[in-house]
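Presented below is the structure to which this report refers.
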Amino acid sequence: METSKTSSTVAVVDIGEHLFKVENHSLLTGANASITSETFRVGGHDWAIQYYPNGDASIVDGQFMSMYINLVSSIESDVTASFSLCLQDRASQVMVEKKKRSFTKTFLPPMNPKCWGYSQFMSKDDLAASGCLEDNCLSIKCTVEITQLMAEDDDDHNSSITVPPSNLSADVGNILESGLKADLTVKIGKSSRSFNANTCVLRARSPVFEVLLHYIYKDCLPGFMEEATEEATSMARDLLVAAHGYGIQRLRVMCESRLSQSLDVHTVSSTLDLAEQYQCQQLKESCLKYMAKDVQRLRAIRETKGFKQLIKNHPLIVGDILEKVCDKLNRQAATTPAPAPAPAP
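Residue numbers (the working numbering): 137 to 481.
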């Protein structure tokens, strides 16, 4: 009897950065003195950097500075995140990262403790000699990656691409229809449709065209994008390119997820071409997995014009396809029971 084996991978579902500038650093005196950054949102959660220039209460001699990440918002389920903290050398002509330290932490409800980091991040002597205190200002950079353990199986369209949670304020969603305080009218192409819009929102969320405008205000895609139609797939491709160009990460991943669920023999090559061009690693993995499903499918894909164009545009992709096929064969071999020994004569 053949049994199946499920493997898992860690996928990054959202990523964000925050630069915390500590002005008038020399005025932060006294034991256990601290300063906290403004909150920043990543993965649907609010975070803050907590900095102790003379060390927190656990530092006896006060010769080290302490630095922590604080999960500000409440959580109802586990949150796993990878963090990096570093200082930026303000004395150099280009921003150089120094003393970079990284860790991964899973926060559990009821989130106790809610701070995690380094009680001895750096000695005060090393900080003074680092060049990071130019103009009595310290710049701290924090990167947060929200990760999730994803199971892999053999279902073609069981997408392992997880869309980051919304970071849009609930108040913004109603502005599009109400026209509240609109200071701009957006006309869509040559059509007669137009929308009252708000310049501040458009600047913050990067307008492109009608569907992108819908996403910017609603934080979701219009209903027709959920349908398995050629129009929806084509729109997802265009939106992915726009989201990449304008840095709208959540929309980009939503398009990756949509495209991964509409793969077939005739479209998988062009979708893989797109994923390779715009560095969509999760979409690329979905395409490779689809191609490596079985030999007959891969042979059919090889005969398409899209595959020939893919190889022309990205010749090294052949190695990725072969590697995925080999992984598939190895997993099959590992789960296939050995033949029973022949009966003795």
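Built from N, CA and C at the ideal position, the CB exists for glycine as well. Values in this document were obtained by computation on a predicted structure and should not be read as measured data.
Residues that DSSP places opposite residue i in a beta bridge
i      : result
PHE219 : PHE239, VAL280
LYS157 : SER275
GLY152 : VAL280
TYR187 : ILE171, MET203
GLU363 : Looking at the DSSP assignment, GLU363 forms no beta bridge with any residue, so it has no partner.
Separation of residue j from residue i, as counted between CA atoms
i      : j      : result
HIS380 : ARG435 : 32 Å
LEU155 : LEU221 : 10 Å
LEU244 : LYS250 : 9 Å
VAL230 : PRO358 : With a pLDDT of 47 at VAL230, under the threshold of 50, the modelled position of that residue is not reliable, and the figure given next carries that caveat. Between VAL230 and PRO358, the C-alpha separation is close to 43 Å.
ARG394 : SER218 : 26 Å
ALA167 : SER398 : 59 Å
SER406 : PRO189 : 53 Å
TYR426 : VAL404 : 8 Å
GLU159 : ASN466 : 57 Å
LEU163 : GLY180 : 34 Å
SER173 : VAL347 : 35 Å
ILE211 : ARG237 : 25 Å
THR440 : SER213 : 45 Å
SER483 : GLU362 : The structure shown has nothing for residue 483, since the chain only spans 137 to 481.
ILE453 : THR365 : 28 Å
GLN186 : VAL280 : 14 Å
LEU207 : ASP430 : 45 Å
VAL149 : THR240 : 15 Å
Closest by C-alpha distance to residue i, when choosing among the options
i      : options                        : result
SER396 : ALA368, TYR382, ALA378         : ALA368
TRP183 : VAL196, ALA193, VAL215, GLU392 : VAL215
CYS423 : GLU363, ALA193, VAL461, ASN449 : VAL461
ASP482 : GLY191, GLU281, ASN206         : Residue 482 falls outside the range modelled here, since the chain spans only 137 to 481, and no answer is possible.
ILE276 : TYR204, GLU366, VAL377, ILE352 : TYR204
GLY253 : SER202, LEU269, LYS236         : SER202
VAL389 : GLN186, LYS241, ASP374         : ASP374
LYS448 : GLN413, LEU465, GLN418, GLU459 : GLN413
VAL377 : LEU410, ILE352, LEU349         : LEU410
PHE345 : ALA193, SER162, ASN272, THR321 : THR321
GLY267 : LYS354, LYS235, GLN256, GLY455 : LYS235
GLN224 : LYS157, SER170, ASP197         : LYS157
ILE151 : SER209, THR283, LEU458         : THR283
VAL401 : ALA428, GLU459, ILE437         : ILE437
GLY455 : TYR353, LYS354, ALA428         : ALA428
DSSP state of residue i mapped onto helix, strand, coil
i      : result
GLN432 : helix
PHE443 : helix
ARG339 : Its pLDDT being 49, under 50, ARG339 is placed unreliably by the model, and the measurement read from it follows with that caveat. In this structure, ARG339 counts as helix in the three-state DSSP scheme.
VAL178 : strand
ALA193 : coil
GLY455 : helix
ASN168 : coil
VAL208 : coil
GLN225 : Correcting the residue identity first, residue 225 is Asp in this sequence and not Gln. It is a strand residue.
THR369 : helix
SER396 : helix
Contact with chain D by residue i, beta-carbon distance below 8 Å
i      : result
GLN199 : Of the chains in the structure shown, none is chain D; there is only one protein chain.
| query | Can you list, in chain order, the stretches of the beta strand (DSSP E) that have 3 or more residues and sit fully within the region 246-286? | reply | 251-259
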